[in-house]
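Here the structure is laid out as structure tokens; the discussion comes afterwards.
Residue numbers (this note's numbering), protein chains in the order written: chain A, 1 to 115; chain B, 116 to 232.
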């Protein structure tokens with residue numbers, strides 16, 4: 001069975017602070033994919049990143065960066081110089097070769113960036 | 116990126132009535148569509164997986180007779196909540212997968228907020 005754990009239910013920061021959202025996963029698959037989604041108050045999920053299990057390179061996209069470490073089964077997400085518009089719920093998700101395209105979501109982390 | 120639409124975006128219905136929600140992939144053919152339900156301040160819970168032309172596969176605990184799913188074409192799946200009750204009030208989200216076994220990426224619709232009074 002697959003499992004995704006986002007231990008941080010809520011995080012509150014002040015604008016311009018850096019913030020890291022944790023994601024720990026469990027899977028028996030050798031080939032799997034990890035995702036991060038943003039869900040603003042409107043409710044529509046916004047795709048942020050996909051990473052496959054064979055690519056452990058960290059990725060940076062503007063103020064966003066991701067740290068994938070297979071050794072600790074973690075796929076953490078850092079926002080640098082946070083902005084009020086970053087306030088949203090962020091979900092980490094996992095799919096694997098045995099689950100095909102079915103996604104397992106973590107519980108989500110509510111990020112609030114205060115001015 | 117690929118676009119998935121849902122209709123309606125919001126619906127209010129009376130207890131005991133049925134509501135149909137449509138999910139369309141606008142610029143690609145969706146091999147598989149997924150239906151999720153999200154209660155306030157909770158995560159997305161997969162309800163069912165539907166493949167075009169075949170019966171949907173429901174997750175454990177989801178009532179097949181209550182949540183009817185029809186994936187009639189490669190661009191349209193519908194979810195009908197039959198005999199809706201207030202506890203069915205939720206945010207329903209669909210997603211579509213093109214069958215891409217390289218990216219395995221799903222494209223999500225904007226969601227439908229159902230309120231049963």
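Here a beta-carbon is modelled for each residue, glycine too, at the ideal position from N, C-alpha and C. The structure displayed is predicted, hence computed values, not measured ones.
Annotation: Cβ neighbours of residue 50 of chain A in chain B (cutoff 9 Å, chain order): 218, 219, 220. The beta carbon of residue 168 of chain B does not come within 9 Å of any beta carbon belonging to chain A, so the residue lies off that interface.
Below 8 Å, enough C-beta pairs join the stretch 60-79 of chain A and the stretch 33-42 of chain A to call them touching: three or more. Residue 218 of chain B sits exposed, since fewer than 16 C-beta atoms from the chains shown fall within 10 Å of its C-beta. Inside the stretch 45-74 of chain A, DSSP marks whole beta strand (DSSP E) runs of 3 or more residues at positions 46-52, 59-61, 64-69, from first to last along the chain. Ranked by Cα distance from residue 92 of chain A, the options B/189, B/159, B/191, B/154 are led by B/159. Taking a C-beta distance under 9 Å as the contact criterion, residue 154 of chain B and residue 103 of chain A do not qualify as a contact pair. Rounded to the nearest whole angstrom, the CA to CA distance from residue 59 of chain A to residue 96 of chain A is 21 Å.
With respect to the C-alpha of residue 76 of chain A, the residue from A/88, A/8, A/100 having the closest C-alpha is A/8.
At the C-beta level, residue 78 of chain A and residue 5 of chain A stay beyond 9 Å of one another.
Closer than 9 Å to the CB of residue 225 of chain B there is at least one CB belonging to chain A. In this structure, DSSP gives residue 231 of chain B an extended state, which the three-state scheme calls strand. Under the three-pair Cβ rule at 8 Å, the stretch 138-149 of chain B does not count as touching the stretch 39-58 of chain A.
Residue environment for residue 202 of chain B: exposed (fewer than 16 other C-beta atoms within 10 angstroms of its C-beta). No Cβ of chain B is located within less than 9 Å of the beta carbon of residue 12 of chain A.
Counting of Cβ neighbours within 10 angstroms places residue 118 of chain B among the exposed residues, the total staying below 16.
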